[in-house]
Every structure is written in structure tokens, then in C-alpha cells.
Amino acid sequence: MNAIEELVKQRFPGFDQEDTALIIKALKMVEEAKLHSSTVAGNIRPTGIDVATVLMTAHIDVDTILASLLSDSRVASFITDAQINQAFGSTVAGLVRDVLWLNKVSIYSPEMANEPNQSEILRRMLLAMTHDVRAVLIKLAFRIQRLRNLKIEDTPIQRFIARETLDIYAPLANRLGISQFKWELEDLAFRYLEPEHYFAIAKSLADKRDQREACINQFLKTLQTRLDQEGIVAKIYGRPKHIYSIWHKMHRKKLSIDELYDLLAVRVVVDQLSACYTVLGIVHSVWQYIPREFDDYIANPKENGYQSLHTVVLDEAANRIEVQIRTRAMHDFAELGVAAHWRYKEGSKFNLATEKNIASLRQLLEDRETGDDLIENFQTELFSDRVFVLTPAGKLIDLIKGSTPLDFAYAIHTQIGHACRGSKVNGQIRPLTYKLNSGEQVEIITVKNGQPNHNWLDLNLGYLKTPRAISKVKSWFKQQQQGENIAAGRLLLEKESKRLGLKHTDISDLLKHFKLNNSDLLFEALGRGDINNRQLVSALKIPELEPARLKLVAAKTSSQSAVTVAGIDNVVTTIAHCCKPLKGEPIIGFMTHKRGITVHRQDCESLHHLSEEQKTQLVAAEWGGSHSARHTVVIVLHAFNAPNLLGDVSQLLSAAKIHTSDAALKTHEDLSAILTMSIQIENAEQLASILGRIHQLPYILDVKRKV
């Protein structure tokens, strides 16, 4: 047996003959590459063999072991991707590519410690950029080995590596559920970031080790005896407390180490779920327990899927001892599994694709015989809907898949988006419709006083993908149109006043007539055409009507009607079916012979076709104050075909206590949609308010009343 075979036998037990042969083959390839490398001697970076040894404690599969051996950066340039693919297959070759990329990533900066969101985006990016998440496990093993050798590095490097570990890699290990990696990463990093606290806690633990061990041994002996009497097979042992965890709890609870009660801890591992509760009953019957310190994480698992029973009891000497009780499956999952409920961002919704990926990874970690189909599923679905790109300054931006440089510009700042005219991606000029990929660095080219382009809102042209950016462009055009309408309305009023020979126009009279609150609203309505020329002229030369004419059609009731005509409020009126005016809209009356006064909107199309004789039958009208009848109004929404379009609009209407009597949704191939709804409205003000609120939804392009 040669040296390599002896090494494999010692460090990689448990593999069958075929897998052992592959490991020997990989080590021979590495040894041959070392002969050509001048960087091996004196290099302090972790070796592939050391990293693979770390991974053995996680019961990882042979492909991961092979990839860790072949990812040794010192010989990577002497082992080609083609050689690895030919000798070990595409899965191992892909893993090696991912690990080499992860080992070269240099995005992290200490400033990220003050920006938790940036650290989280970087962690997601590392996962998104790797085609197989086992590459992340190898990277974690590389980091553990690097930390073990960190004492020979200079202090600035020690602190940088340690800070990066606590910010990025320890949380990644926790997210993947590998507790044994997490604890070691945290303790080693803490040693270099806070050496005084680290060694103070270590000394305190060492000084009281004999006392703790005696206490725990007596507890274990008593518990083992009682379990044997009940015929329960269990593995029980003292559970070591990790230094960083102790310091974190001291810091969070503002306690000294002597005040921490759970430095004495015991773990009980049984075979059956029912035995967990049997053991709990035995513990509580022998020792006094503290009710408020009991947690049933079996019935109520933690968000990351962790399950166990936790209780705290007092021994004969009044020492507090924490007892954890779990099955073997629960224990293996807690030590080696992955988070079962992994969340995307901040307070985000549960994701079924992610759940499937997590279940797949758990099988990869626990079952070396997992098929290629499972691996392929995991590779293709994880973070499939996100891209992570960098600013020139190195800041990470998280976008939805399909985002463009223009989306990126608006994510940086609204004004940068407005002024965007071009982009560079990884130093090369790219069109604004270019689909960004994770890991790319984006630089935006802007112009002074730049403005959005109407084409950016055309979904078929592909300029924008994110609803947030689309909303910002829509808002800009709305503001610009508002200013233009105000200017146009002011000119229109001046023009008509001059044409009518009016030396002075009292704006307050017009505001009162059209029931508007300020002059800008009046000018905007004029410029937008909501108040047309005929309505304006009519308002500027309101005729004096004879009350006697109106008495011919007066109602015999003394109650106040919905409409007041020339100051008289007991006139028989009928709402015109052609325009269905709402309370608050400018109206005008038309005197009929049999139905009293028919009330029209002042801009009603049918009034344009009246003869000169019929026009003499028009009378001034306004709404009364007591009418609260509801009217059916049809509204039309033009929108992106969002999954919850109808639901979101219906919820908004329901919250506003507006009844919906009918709704029809039509979708188109260009991802646009038209939603037509019949709603019950009391007045024009209510209608304007609800249309405005609907328009604020991010995927609404336009909403208006159907005339």
C-alpha cells in the first residue's frame, strides 16, 4: 500500500471500493500538479486534503470530496476543466468551477457590517451564483481550515477574515442547517475579533471545568439508571457550550458568565418520538423543573425546522441544568440538515420552489446514493427568479430575473433612472434592454436634465421589468402632464375671457360653480378637457332664469330634492340615462313637457345636438345637499397582467366600502390586461378618489370611467 492509499484509508473511511479508487485518482492528479506548481511551498492557504477531511464530519458524498480535493487553488491552474470532466464527470467539474469562483470572490468589505441588507444580498448572491449548493459547503470547509491556520497571518488579515466569517459564512452555515460548521466558524472568528473576551470566557470555563464535569457526571449517572429501569435505550452526554454563543448571550442579556444558567447542559438522543416525552416525564419526576424554561420544539418547530424538547431542572445542589431531548433523526437534522423554511427577503412569503430545493439538499447531505435527477432539480430552481448585480463602488443590488440596466438605474435612485441613456456591463457597452445576469457589474451612463421616454412603458420593447421602476416612470409623466395641463388651462381661460370681452374673471365664482377647491385644479381640469370650452363659456355667461318658468314643473312635495334648479329645490327631476351624472359633477337641466327637468352632465354628448329652439329649454342646475343615492358606474382599467390584479383591485374597493356588481378581465399576449368593473358610487368626489387610489397600484397603466 503506497502513501496515498494509506492516507485515503485513514482520512476517508466508509466509502466503497469504487469511490475509494476515485479519491485515490484525484489525489494522484493533485500530486502530479504540485510538481509543476511553484506556489505550493510556503503557501498558507488550506489544502484540498484538509478541506475534504473537514467535510467528512458532515457525512458528505464522494463527488463533494473529489471536488474539494481538486479545488486546491495552488494547483488549480495545472488541472484543467476538461481533465476533471473526463476523469470524474460533469458534476465534479461543475463543483470545482463553483468553488474556485467562490474562493476568488472579493466583494465583501467591512462596511457591510453596518449594512445588514448588503450582507444578506451577498449571501444570496453566493448561493445564486453556484450551480450546485454543495459548492457552498466546500467553501465553508475552506473557510474553517483558513481560520484554523489564521494565527500565522498578520493582524489586519486576521480581523478581516474573522469579520467576513461572522457576517457572511457563519450565517450561511446556519441557513444550511449545519450546526457543527456554524459553531466552529463563530468561535474561531470571535477569537480574532475579540481576543480578550474570548480568552476570558475560555479561562472561566476551564477554571470551573472540574466542578461542571462532576455535576454533569452525577446527573448523567442518575438519569441513565432511571432510563435503564424503564427500558429506554438512549444516548446521553454532556453538551459543550460554545464560546461565541456564551458571549452573545452575555452581551444580549447583560449578564456575567456566572449568571448564565445553561452552561450545564445535557443532551438525550432516543430512537422513537414517543420516547422523547417519556424521558421528559422521567426528568421532571426526578428533578424540580422550571416551568417558564420549558419549550416543546417538537410540537412547535422553529422556523428553520429544528425540533427538540428543552427543559431546565435543578439538581440536588441547586445547579441549573438544561436538558435537550430529541430523536436520532432530529439530532442529525439539527447538526447536518438544512433550514426547512428558508425565506427570500425581508418578511417575504413562503416559497414552494425553495421548500423543494431544501428537501433536495437535505437528501443530498444524508444519502450518498441520491440520483442525478434530484441534483438537477436543485440546481435549476434555487433563486431562479432573482439576479444580483454590483455597482461600480461594489454595492450589491437585488433585482428580479429579467431586469435591465434601466431597472438597475431606478433601483439606485429615481433621478439616475430618469437621466439614464446608456449602460456598461462588465466594462462593455450594453443596450438598456439587456437582461442582467448575477455577478455582473453595471455602470449607468446619464445625461444632464434627462427625462424618461414613453417607450420605456411599452412592455413589448423590454426596457423595464420591475414594477417599482415602471411606477416611477408613470409618476413622472403624470406630474409632467399635470404641469402642462395647468398651463394650458390658464391660457384657455384667458383666451375665452378675452373673447367674451370680460375685463376681469372672478376665479372664486368659477371654483364655486365647478365645485373645485383651488385654481390649480380648475386650470388642470380645463387643460385636460374635463371642463370643455362650451362648459367654460356657459359658466362665464350664466343667464338669469325666470323662477316662474320652473314653477310649471315643480313637485307637489315640500321635501328637498336631489337637484336644485335656479335656486328651487322642489323641482321634479330625472337623471339622464345617456350620461348618468354623479353628485359633484357639473350638471345642467333640460325642461321636458312630461318628466319635469332631465339632469345631464354639462359635457353630455347629447346636448351638442340640440336645436336652437331646444337650447332655450336648458336651465342652470346644481346638486342639493341631502341626496345620497348610489349610482352604477362602469370603470375600465388597463394594466399589466399581474397574478393578483382582480383580487387586489377588489380588495381595495372593499376596503373603501364600494360594492362591485360585475367584473370582466381580458388578457393579451403582450402581458397586458383590461379589467372592466361595475361599481356603486355616491358622488363624483368618491369616484375620483377611488380612481386615484386604483391608479397608485404599481401594475396599473390607466383607469377611467367608461362614458
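Following the numbering used here, the numbering of the sequence shown begins with 41 at its first residue and continues without gaps.
Cβ atoms here follow ideal geometry from the backbone N, Cα and C, with glycine treated the same way.
| query | result |
| --- | --- |
| C-alpha distance - Ile272 paired with Ile105, whole-angstrom precision | 37 Å |
| Boundaries of the beta strand (DSSP E) in which Gly463 is found, first to last residue | With the sequence shown as reference, residue 463 is identified as Ser, and Gly is not the correct amino acid for it. It spans 460-465 - the beta strand (DSSP E) in which Ser463 sits, taken as one unbroken run. |
| Terminal residues of the alpha helix (DSSP H) in which Arg186 lies | 174-188 |
| Unbroken alpha helix (DSSP H) run spanning His640, endpoints | Where His640 is concerned, there is no enclosing alpha helix (DSSP H), although the beta strand (DSSP E) it sits in stretches over 637-641. |
| CA nearest to the CA of Trp287, picked from Gln264, Tyr238, Lys248 | Tyr238 |
| Cβ-based neighbour list, Gln491, same chain, cut-off 7 Å, excluding 5 preceding and 5 following | His458 |
| Assumed close pair Phe20, Pro626 - CB separation to whole angstroms, cut-off 8 Å | This structure cannot settle anything about residue 20, because the visible part of the chain is limited to 41 through 747. |
| Opposing strand residues paired with Tyr277 [DSSP bridges] | Arg307 |
| Inter-residue spacing [alpha-carbon to alpha-carbon] between Arg574 and Lys620 | 19 Å |
| Gln468 - containing beta strand (DSSP E), residue span | 468-470 |
| With 16 other Cβ atoms within 10 Å as the buried cut-off, status of Ala358 | exposed |
| Extent of the continuous alpha helix (DSSP H) run through Arg733 | 724-735 |
| With 16 other Cβ atoms within 10 Å as the buried cut-off, status of Cys460 | buried |
| Proximity winner among Ser690, Met165, Asp207, relative to Phe230 (alpha-carbon distances) | Asp207 |
| For Asp742: DSSP bridge partner residues | His678 |
| Within 9 Å, strictly: CB atoms of Val352 and Ile361 | yes |
| Identity of the residue in Asn143, Gly88, Ile526 nearest Thr170 by Cα | Asn143 |
| Three CB pairs or more closer than 8 Å across the stretch 122-142 and the stretch 219-236 | no |
| Residue of Pro211, Trp223, Val326 minimising C-alpha distance to Thr265 | Val326 |
| Segment contact flag, the stretch 684-691 with the stretch 632-651, C-beta cutoff 8 Å, min 3 pairs | no |
| Supposed contact pair Leu705 and Leu686 - C-beta distance, whole angstroms, cut 8 Å | 6 Å |
| Limits of the beta strand (DSSP E) - the one that Ser701 falls within | 700-707 |
| Check whether Val743 and Ile637 have beta carbons under 9 Å apart | no |
| Test item: CB-CB of Thr473 and Tyr450 under 9 Å | no |
| Cβ-Cβ separation, Phe428 to Gly21 (assumed contact under 8 Å), whole Å | Nothing can be reported for residue 21, as the shown portion of the chain is limited to 41 through 747. |
| Range covered by the alpha helix (DSSP H) that runs through Phe52 | That residue, Phe52, is in no alpha helix (DSSP H); it is neither H nor E in DSSP. |
| C-alpha gap between Arg51 and Pro683, whole angstroms | 53 Å |
| Outcome for Asp643 when other beta-carbon atoms lying within 10 angstroms are tallied against a minimum of 16 | buried |
| DSSP three-state assignment for Gly764, whether helix, strand or coil | Within the shown structure, residues of the chain are numbered from 41 to 747, placing residue 764 beyond reach of any answer. |
| Boundaries of the alpha helix (DSSP H) in which Trp287 is found, first to last residue | 283-293 |
| The stretch 235-254 touching the stretch 209-223, judged by at least three CB pairs closer than 8 Å | no |
| 6 Å CB neighbourhood of Leu295 in its chain, flanking five on each side removed | none |
| Contacting residues, own chain, Cβ-Cβ under 6 Å from Glu524 (five flanking each side not counted) | none |
| Supposed contact pair Ser111 and Ile178 - C-beta distance, whole angstroms, cut 8 Å | 6 Å |
| Cβ-based burial, Ala122 [other Cβ within 10 Å; buried from 16] | exposed |
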